[in-house]
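Just so we're aligned, residue 103 is where the sequence shown starts under our numbering, counting upward by one.
All residues carry an ideal CB built from backbone N, CA and C; glycine is no exception.
First the structure, in the form of structure tokens, and then the observations on it.
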Amino acid sequence: MKIKQVPQQEDNIYEGEKKLVYATDESGSINAVQTSGWQVEIDSLKDAIDNINEHALEALSRAKLGKTSALEYHMYHQRLDMAMLAQAMGKFKWQIRRHFNINTFEKLSDTILLEYADVLGIDVKTLKSLSKY
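Structural data, given as structure tokens:
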């Protein structure tokens with residue numbers, strides 16, 4: 103792609119940030135160029151965010167009904183999925199899934215709860231509750 107062809111379609115999805123892409127100049131040299139995005143990528147990101155927000159709302163409903171632990175909601179609320187959370191925690195997905203069980207979650211040690219809280223960027227009290235939601 104030529105430098106002049108790099109799309110500059112503004113959208114608030116990047117929150118004012120620019121993205122670095124590579125394009126060729128008139129002499130054929132490859133250069134780093136900033137872009138504020140292009141519509142296909144913007145639409146794709148919005149769809150992904152909508153999808154994860156939908157998962158978060160579904161998890162919140164299940165948690166309020168006592169069908170899952172607050173951990174599942176907080177995972178989606180922080181825009182993670184099970185694979186990402188498992189990797190960040192150094193655990194297998196089946197272990198994370200097991201911690202979605204309310205009885206299992208309530209028996210987790212303070213150390214594991216603190217690890218989850220650190221990964222999710224929240225405190226343990228928030229991790230264990232849904233009172234704000």
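- Annotation for Asn205: no beta strand (DSSP E) segment contains it, though the alpha helix (DSSP H) segment containing it runs Ile204 to Glu208.
- Rounded to whole angstroms, the separation of the alpha carbons of Ala165 and Ala158 is 10 Å.
- Rounded to the nearest angstrom, the gap between the Cα atoms of Glu128 and Lys106 is 9 Å.
- Counting only the Cα atoms, Ile144 lies some 20 Å from Gln180.
- Going by C-alpha positions, Asp220 is about 28 Å away from Asp149.
- CA-CA distance, Gln110 to Leu215, rounds to 43 Å.
- Membership of Ile224 in any alpha helix (DSSP H) is not indicated, and neither H nor E is assigned to it by DSSP.
- Counting the other Cβ atoms within 10 Å of the Cβ of Tyr124 gives fewer than 16, which makes it exposed.
- In the DSSP assignment, Tyr124 forms a beta bridge with Ala134.
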